[in-house]
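The block underneath contains the structure these notes are about, expressed in structure tokens.
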Ligand SMILES: [Zn+2]
């Protein structure tokens, strides 16, 4: 029994200084590739302009009750595994921090064989693709310092998943980038709805993704809708949850109609369905 106080003491040491400060909650407990990571930070002092930083990936925070701050940062699908540092920073000042271990998460691999002519892009198509990628990257770099939405997110299309998030493809034996979103079943013309309040940041007809809409929701959260047959919104407009933003189609490089739905958190590719679940936890903290 006399060892018990030591055990208690060691446990408190293991809990770490961040917990002792009582100011930083991270959800979920385990950081995994392709998953969202939420924080609730209570720095105990006003901290205007405070940000969350995960290995240099930064996102703004929104005020929450009790002088706390809430926000989200993503663990990218290709984030290096191992130790990582999560910090709440105000400029270069670190207000709170937590050491994490980023774990690998396997999303599966599939092998595809296609005609060799689809493997290489013509120079004009490559140039077009690069220009379209740059436009999307500019949106993903957005860090609107306010949380435009409130409440849990809705699904943009209530239907079956026909293409899972994160799966890697080997096309004719060559690795391709993993599936950065989820494919939802839908016939041409099926309405696609905004899952939460946001500002339409990009409407663009692209080579690979076909007609796409990107919505900036603030705090570094951007959602995307691809292969549409029609866009029902204009760039710059603010959309409300449930508002029809486009119609399902088969535009771009696809084998059939479906909605490709994706979510980026501070630029990181995360499972959009996991983000919808995470938005409920964020809502509980933000109330
Ligand atoms: Zn897809």
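Numbering (the numbering used here), first residue to last: 125 to 411. All C-beta atoms, glycine included, are put in the ideal place defined by N, C-alpha and C. These numbers were taken from a predicted model, which means no experiment stands behind them.
Between ligand 1 and the CB of residue 295, the shortest heavy atom gap is not smaller than 8 Å.
When DSSP states are grouped into helix, strand and coil, residue 312 belongs to the coil group.
Counting only beta-carbon distances shorter than 6 Å to the non-hydrogen atoms of ligand 1, the qualifying residues in chain order are 287, 303, 305, 307 and 384. In this chain, the beta strand (DSSP E) harbouring residue 336 covers 334-342. Contact annotation, residue 348 with residue 395: C-beta distance approximately 13 Å; criterion of less than 8 Å not satisfied. The three-state secondary structure of residue 244, taken from DSSP, is coil. Assignment of residue 253 by DSSP, reduced to helix, strand and coil, places it in the helix class. Between residue 239 and residue 393, the beta carbon gap of about 28 Å keeps them out of contact (Cβ cut-off 8 Å). Ranked by how close their Cα comes to the Cα of residue 288, the residues 405, 397, 389 and 316 have 397 in first place.
In this structure the segment 360-377 lies against the segment 310-322, because at least three pairs of beta carbons, one per stretch, are closer than 8 Å. DSSP places residue 396 in the uninterrupted alpha helix (DSSP H) bounded by 396-410. Note on geometry: alpha-carbon atoms of residue 361 and residue 381 lie some 26 Å from one another.
Taking the Cα of residue 355 as reference, the smallest distance to any Cα among 374, 335 and 178 is reached at 335. When the five nearest sequence neighbours on each side are left out, the beta carbons in the same chain lying within less than 6 Å of the beta carbon of residue 166 are those of 147 and 192, in order along the chain. In terms of Cα proximity to residue 324, the closest of 295, 298 and 266 is 266.
Three or more beta-carbon pairs separated by less than 8 Å are not found between the segment 279-286 and the segment 403-411, which leaves the two stretches without contact. Taking a cut-off of 8 Å for Cβ pairs, the segment 196-213 and the segment 245-264 do not touch, as fewer than three such pairs fall below it. If only uninterrupted beta strand (DSSP E) runs of at least 3 residues are considered, those enclosed by the segment 160-238 are 175-178, 181-184, 186-188, 192-199, 206-214, 217-227 and 233-236.
Assignment of residue 318 by DSSP, reduced to helix, strand and coil, places it in the coil class. DSSP places residue 372 in the strand class (E or B) of the three-state scheme.
Secondary structure note for residue 386: its beta strand (DSSP E) is the uninterrupted segment 382-389. Distance from the CA atom of residue 329 to the CA atom of residue 280, rounded to whole angstroms, is 20 Å.
When secondary structure is reduced to three states using DSSP, residue 288 falls in the coil class, being assigned neither helix nor strand.
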